[in-house]
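Have a look at the structure below, then the notes.
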Amino acid sequence: MIEIQATLNQVCHVFKQHLQDQLTGIYLHGSLAMGCFHPLTSDIDLLIVVSEPLSFSAKQAIVRELVSLTPIYPGKGVEMSIILEKDAAEPLYPMPFELHYGTEWGERFLLDTMDLCEGGTDPDLSAHIAVTIERGKCLYGKAISDVFAPISSENYCKSIYYDVKDAKDGILQDPVYTILNLCRTLQYVRERKILSKKEGGEWGLTNLSDRDKPLVQLALGAYGNGVKHFTYNDEQLLRFAGDLLEEISIGIQDIR
1 MIEIQATLNQ VCHVFKQHLQ DQLTGIYLHG SLAMGCFHPL TSDIDLLIVV
51 SEPLSFSAKQ AIVRELVSLT PIYPGKGVEM SIILEKDAAE PLYPMPFELH
101 YGTEWGERFL LDTMDLCEGG TDPDLSAHIA VTIERGKCLY GKAISDVFAP
151 ISSENYCKSI YYDVKDAKDG ILQDPVYTIL NLCRTLQYVR ERKILSKKEG
201 GEWGLTNLSD RDKPLVQLAL GAYGNGVKHF TYNDEQLLRF AGDLLEEISI
251 GIQDIR
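If you're matching positions, the sequence shown starts at 1 in UniProt numbering and goes up one per residue.
Dropping the structure here:
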């Protein structure tokens, strides 16, 4: 964890250096904030809040520095979104953003800066903000409670459903992530608690049917060992995804 902290310090320095007085705060969410980070398969998830829109040159400079730090990133690298303070205070769905960056797109950013540095909206951001409020950590700047207004249950559900709606396609390519993500999404529909993927899988072991528990156990074991894939019957994977998606789809309609 010492290396992770050093990486966080360097990444935070990038935002402090280029945003200066515009920087409201830097906030950690995701697996590292929730205590289930694995250096081989996890990424560092950050929300950056700024007081006013960014210039194109500021976005370019930030992206160049984040790309240059790629060799020190763990696992999947860094994923971050920069949002305006006014939007954090009055959240919409989907949430607008100033800049979104992920390590897997690093070289593309350098080749196609104009398009990739433009802002937009992101359905995932509502869930990221909700996790930040519930489980996140302030790395720099104003306290989380002073920056982020609560995300409504309806918008949180829209956001997490957006992330799982294609699970029947994703479960064959990335079974570990998809299984655990479906578990935590179903848990929210039933019990309204915000969990990590690991916690979602543990919930699944005690709350899903006996025929589903071995699959969840395999996914949890792989996740704990930093493995993304395991061998399993495709038909059973697809059945699992279909069954959980059906209950999630029905349950989400009642959440307002």
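Quick reminder that beta carbons are idealized off the backbone N, C-alpha and C, glycines included. Just so you know, these numbers come straight off a predicted model, no measurement behind them.
Can you tell me whether S57 is buried or exposed? The criterion is at least 16 other CB atoms within 10 Å of its CB, across all chains shown. exposed
How would you write the range of the beta strand (DSSP E) that V50 sits in, first residue to last? D43 to V50
Please name the residue in C157, Q20, E98 and V78 whose C-alpha comes closest to that of K86. E98
Comparing C-alpha positions only, which one of D234, G25 and H13 sits nearest to Y140? G25
DSSP beta-bridge partners of residue 257: It is not possible to answer for residue 257, since the shown part of the chain is limited to 1 through 256.
7 Å Cβ shell around L208 - same chain, five flanking residues per side excluded: A distance below 7 Å between beta-carbons, with the five flanking residues on each side excluded, links L208 to the following residues of its chain, in chain order: V216.
Pairing CB atoms from the stretch 20–34 with CB atoms from the stretch 59–70, are three or more of them under 8 Å? no
If we define contact as Cβ-Cβ less than 8 Å, is G77 a contact residue for chain C? Looking for chain C here will not work: only one protein chain is present.
In terms of alpha-carbon separation, which member of F109, D210 and N155 lies closest to I255? N155
Could you tell me the alpha carbon to alpha carbon distance between I252 and A6, rounded to whole angstroms? 40 Å
Which of the three DSSP states is assigned to I248 in this structure? Residue state, collapsed to three classes: helix.
Quick check on H128: buried or exposed, where buried means 16 or more other Cβ atoms within 10 Å of its Cβ? Of the residues assessed, H128 falls on the buried side of the cut-off, its CB having 16 or more other CB atoms within 10 angstroms.
Pull up the distance between the alpha-carbon of N233 and that of A149, whole angstroms please. 44 Å
Can you list the alpha helix (DSSP H) stretches of 4 or more residues lying completely in the UniProt domain "Adenylyltransferase AadA C-terminal" (146–246), in chain order? Counting only runs of 4 or more residues that sit fully inside the UniProt domain "Adenylyltransferase AadA C-terminal" (146–246), the alpha helix (DSSP H) segments are 153–164, 167–173, 175–191, 197–207 and 213–224, in chain order.
Nearest to E134 by alpha carbon, out of T121, I250, E90 and R192? Measuring C-alpha to C-alpha distances from E134 to each of T121, I250, E90 and R192 identifies R192 as the nearest.
Residue nearest to K59 in terms of C-alpha spacing, selected from I44, I72, F15 and C36: Restricting attention to I44, I72, F15 and C36, the CA atom closest to the CA of K59 is found in F15.
Do K165 and R184 come within 8 Å of each other at the CB atom, strictly closer than that value? K165 is positioned such that its CB atom lies no closer than 8 Å to that of R184.
Is DSSP giving G106 helix, strand or coil here? Here G106 sits in helix by DSSP.
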